[in-house]
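Q: Structure below; questions to follow.
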Amino acid sequence: MEIFSGKQGKPVHNRSGLVSGHKLRHVETSQTLAARPAHDPDLLMTPASPTLGSRLYGNAILLLILTTLFWGGNAVAGRLAIGEVSPMVVVALRWVIVAALMCGFLWPRIVAEWPLMRPHFPRMVLMAVFGFVAFNSLFYIAAHSTTAVNLGIIQGSMPIFVLIGSVLAFGTRARVLQVVGILVTLVGVTLVASQGSLEVLMTLSVNPGDGIMLIACFLYSSYALALRNRPQVSGLVFFAVLSMIASVASLPALGYEIATGTAQWPTPEGWLIVLFIAIFPSCLSQIFFMRGVELIGPARAGVFINLVPIFAPILAVLVLNEPFRWHHGLALALVLSGIFLSERKAKGH
1 MEIFSGKQGK
11 PVHNRSGLVS
21 GHKLRHVETS
31 QTLAARPAHD
41 PDLLMTPASP
51 TLGSRLYGNA
61 ILLLILTTLF
71 WGGNAVAGRL
81 AIGEVSPMVV
91 VALRWVIVAA
101 LMCGFLWPRI
111 VAEWPLMRPH
121 FPRMVLMAVF
131 GFVAFNSLFY
141 IAAHSTTAVN
151 LGIIQGSMPI
161 FVLIGSVLAF
171 GTRARVLQVV
181 GILVTLVGVT
191 LVASQGSLEV
201 LMTLSVNPGD
211 GIMLIACFLY
221 SSYALALRNR
231 PQVSGLVFFA
241 VLSMIASVAS
251 LPALGYEIAT
261 GTAQWPTPEG
271 WLIVLFIAIF
281 PSCLSQIFFM
291 RGVELIGPAR
301 AGVFINLVPI
311 FAPILAVLVL
321 NEPFRWHHGL
331 ALALVLSGIF
341 LSERKAKGH
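Okay, so the sequence shown: first residue is 1 according to UniProt numbering, each after it adds one.
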């Protein structure tokens, strides 16, 4: 498969068809995506209407909205996990569960496509460590010292890192409106991190959990950029192998938690939280986000991460009864404005 670089109309020939025997296809505009064939091998299941299923899996906007909805739920789950299961236990169990599910369904394809992945294995290890293990470990650690509202809104910083990385690594041409949109988003994230207090901002006395979350966002943005040049295999197989790597890479941190006596195995409620995290924020969101990056590129896909600050506060207020203050509302308005400015011109292309 070919994906477009930042320069309009110039394809980057860094990927072939998803599975041998299928013709190479351009990832073009939203109009041409609807015409993708119904037998796409990356469909999660065989739908009752193949044409509808094919169109849904070719709809980057829908996939990225669902991704951010699940991530918003992850912020709430991270807070609910406190007292029910410890952070490293959550990370280890979520990837063990995901790896078991993916391997159970895809093992023959994993074996068949492994020769294409073997040369890229060191880079895949780094992607799994940064994007799956480190990000989630820091995420759940941060959840112990900040609110789900803050966790969600701070994730709006990811597009800043993604855009900068796209410009530096791929030569993506950043449009003026896109840059302005990212800057507006940055103001919103800064507002929530400072709790709307100029004194906090001037003294840089940011909540430790907020600072940890910013580091986590930087790590995941690096993973998002690396997706652009992933091996020439199907997305599901690639994700399955990454989840296997993550399940192993999470064990050292789990061992440290056990050695220090801070590990807590799931309570009955904790198991429900772990299963939710494994299925939605871990499995489906990663597959959908990977597909979204494939369809429209990392810079534009990264902008949609700004929807997490919308879903997370709504869920936090409804589920956790967390307070929603004036600076949260203003930050959300800024984030929405950033999305509008960043995407406005892109839709006209």
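Built from N, CA and C at the ideal position, the CB exists for glycine as well.
What are the start and end residues of the alpha helix (DSSP H) that includes E113?
A: Residue mapping note: residue 113 aligns to position 113 of the sequence shown, counting from 1. E113 -> alpha helix (DSSP H) spans 87-117.
Q: Quick check: what's the CA-CA separation for F132 versus Y140?
A: What you label residue 132 is simply residue 132 of the sequence shown in a count that begins at 1. What you label residue 140 is simply residue 140 of the sequence shown in a count that begins at 1. Cα to Cα, the separation comes out at about 12 Å.
Q: Please work out which residues of its chain come closer than 7 Å, Cβ to Cβ, to A249, disregarding the five sequence neighbours upstream and downstream, and give them in chain order.
A: In the sequence shown, residue 249 corresponds to position 249, counting from 1. Result list for A249: A128, V129, V133, in chain order.
Q: Beta-carbon within less than 7 Å of E84's beta-carbon, same chain only, minus the 5 sequence neighbours each way: which residues are those?
A: Residue 84 sits at position 84 when you count from the first residue of the sequence shown. Same-chain partners within the cutoff: P266, T267, E269, G270, I273.
Q: Any idea what DSSP makes of residue 359, helix, strand or coil?
A: Not covered by the structure: residue 359. The range shown for the chain is 1 to 349.
Q: Starting from the C-beta of R291, find all residues in its chain whose C-beta is less than 8 Å away, skip the five residues before and the five after it, and write them out in chain order.
A: Counting from one through the sequence shown, the residue named residue 291 turns up at place 291. Cβ neighbours of R291 beyond the five flanking positions: D42, Y57, A60, L63, G235.
Q: For the alpha helix (DSSP H) containing F70, name the first residue and the last one.
A: Translated into the one-based positions of the sequence shown, residue 70 becomes position 70. Residues 60-80.
Q: By DSSP, does G329 sit in helix, in strand, or in coil?
A: Here residue 329 refers to the residue found at position 329 when the sequence shown is read from its first residue. DSSP places G329 in helix when its eight states are reduced to three.
Q: Helix, strand or coil: which one does DSSP assign to L318?
A: The residue you call residue 318 lines up with position 318 of the sequence shown. It is helical.
Q: So G302 is in the alpha helix (DSSP H); what residue range does that whole segment cover?
A: Against the sequence shown, residue 302 aligns to sequence position 302. 298-303 is the extent of the alpha helix (DSSP H) around G302.
Q: Could you check what DSSP says for N136 in three-state terms: helix, strand or coil?
A: Here residue 136 is taken as the residue at index 136 of the sequence shown, counted from 1. If DSSP states are grouped into helix, strand and coil, N136 belongs with the helices.
Q: Excluding sequence positions up to five away, which residues of its chain have a Cβ less than 7 Å from the Cβ of V98?
A: By 1-based counting over the sequence shown, the position of residue 98 is 98. Closer than 7 Å at the Cβ level, and outside the excluded window around V98, lie S243, A278, S282, C283.
Q: Helix or strand or just coil, what does DSSP make of V125?
A: The count along the sequence shown starts at 1 and reaches residue 125 at position 125. Of the three classes helix, strand and coil, the one that applies to V125 here is helix, per DSSP.
Q: Among L336, E322, H120, which has the Cα closest to the Cα of N150?
A: Locating residue 150 in the sequence shown gives position 150, where the first residue counts as 1. Residue E322 is the option with its Cα nearest to N150.
Q: Which same chain residues, not among the five before or five after L93, have their C-beta less than 6 Å away from its C-beta?
A: Position 93 of the sequence shown, counting from 1, holds the residue named residue 93. Excluding sequence neighbours, L93 sits near V274.
Q: Can P298 and V184 be called in contact, C-beta distance under 7 Å?
A: Taking the first residue of the sequence shown as 1, we reach residue 298 at position 298. Taking the first residue of the sequence shown as 1, we reach residue 184 at position 184. It is not a contact, given that the beta carbons lie outside the stated cut-off.
Q: Taking the Cβ atom as the reference point for each residue, do G152 and G338 lie within a distance shorter than 7 Å?
A: On the sequence shown, position 152 is the one that residue 152 refers to. On the sequence shown, position 338 is the one that residue 338 refers to. Taking 7 Å as the Cβ cut-off, G152 and G338 do not qualify as a contacting pair.
Q: Can you tell which of L191, V89, L315 has the C-alpha that lies nearest to the C-alpha of A75?
A: By 1-based counting over the sequence shown, the position of residue 75 is 75. Among L191, V89, L315, the Cα nearest to that of A75 belongs to L315.
Q: Determine the burial state of P159: buried for a count of at least 16 other Cβ atoms within 10 Å of its Cβ, exposed for fewer.
A: Taking the sequence shown and counting its residues from 1, one reaches residue 159 at position 159. Buried, since its Cβ has 16 or more Cβ neighbours within 10 Å.
Q: So is A142 buried or exposed if we call it buried at 16+ other beta carbons inside 10 Å?
A: For this step, residue 142 is matched to residue 142 along the sequence shown. Flag for A142 reads buried.
Q: For the alpha helix (DSSP H) containing G255, list its first residue and its last residue.
A: Reading the sequence shown from its first residue, position 255 is the one you call residue 255. Where G255 is concerned, the enclosing alpha helix (DSSP H) stretches over 251-259.
Q: Around the C-beta of P231, are 16 or more other C-beta atoms found within 10 angstroms, so that it is buried, or is it exposed?
A: The count along the sequence shown starts at 1 and reaches residue 231 at position 231. It counts as buried.
Q: Output the distance between the C-alpha atoms of R123 and W326, rounded to the nearest integer angstrom.
A: Against the sequence shown, residue 123 aligns to sequence position 123. Against the sequence shown, residue 326 aligns to sequence position 326. Going by the C-alpha atoms only, they are around 43 Å apart.
Q: Buried or exposed: R118, going by 16 or more other Cβ atoms within 10 Å of its Cβ?
A: Along the sequence shown, read from residue 1 onward, the residue named residue 118 stands at position 118. Its Cβ having fewer than 16 others within 10 Å, R118 is exposed.
Q: Short check: CB of P309 to CB of V293, under 7 Å?
A: Taking the sequence shown and counting its residues from 1, the one referred to as residue 309 is at position 309. Taking the sequence shown and counting its residues from 1, the one referred to as residue 293 is at position 293. No; because the gap between Cβ atoms is not below 7 Å, this pair is not in contact.
Q: So, with DSSP's three-state summary, where would you put P231?
A: For the purposes of this step, residue 231 is taken as the residue at position 231 of the sequence shown. It is coil, neither helix nor strand.
Q: How about S247 and V96: are their beta carbons less than 7 Å apart?
A: If you number the sequence shown from 1, residue 247 lands on position 247. If you number the sequence shown from 1, residue 96 lands on position 96. Yes.
Q: Are the C-beta atoms of S145 and some chain C residue less than 7 Å apart?
A: Chain labels in this structure do not include chain C; a single protein chain is all it has.
Q: Of all the options S342, Q155, V111, F324, which has the alpha carbon lying nearest to the alpha carbon of L69?
A: Numbered from 1 along the sequence shown, position 69 holds the residue referred to as residue 69. Cα-wise, what sits closest to L69 is Q155.
Q: Using the rule of at least 16 other Cβ atoms within 10 Å of the residue's Cβ for burial, across every protein chain shown, is T262 buried or exposed?
A: Counting from one through the sequence shown, the residue named residue 262 turns up at place 262. Answer is exposed; the Cβ neighbour count stays below 16.
Q: Assuming G188 contacts A331 (C-beta within less than 8 Å), just tell me the rounded distance between them.
A: Here residue 188 is taken as the residue at index 188 of the sequence shown, counted from 1. Here residue 331 is taken as the residue at index 331 of the sequence shown, counted from 1. About 4 Å; that satisfies the 8 Å criterion.
Q: Under a Cβ-count criterion, where at least 16 other Cβ atoms within 10 Å of its own Cβ denotes burial, should residue 362 be classed as buried or exposed?
A: Coverage of the chain is limited to positions 1 through 349, which leaves residue 362 absent and any answer about it impossible.
Q: Going by C-alpha to C-alpha distance, which of A240, I287, V237, V179 sits closest to A224?
A: Position 224 of the sequence shown, counted from the start, is the residue given in the question as residue 224. Ranking the options by Cα distance to A224, first place goes to I287.
Q: Looking at L320 and S79, is the spacing between their C-beta atoms short of 7 Å?
A: Taking the sequence shown and counting its residues from 1, the one referred to as residue 79 is at position 79. Taking the sequence shown and counting its residues from 1, the one referred to as residue 320 is at position 320. With the sequence shown as reference, residue 79 is identified as Arg, and Ser is not the correct amino acid for it. Result yes, Cβ atoms of R79 and L320 sit closer than 7 Å.
Q: For the alpha helix (DSSP H) containing I154, name the first residue and the last one.
A: Numbered from its first residue, the sequence shown carries residue 154 at position 154. 148-154 is the extent of the alpha helix (DSSP H) around I154.
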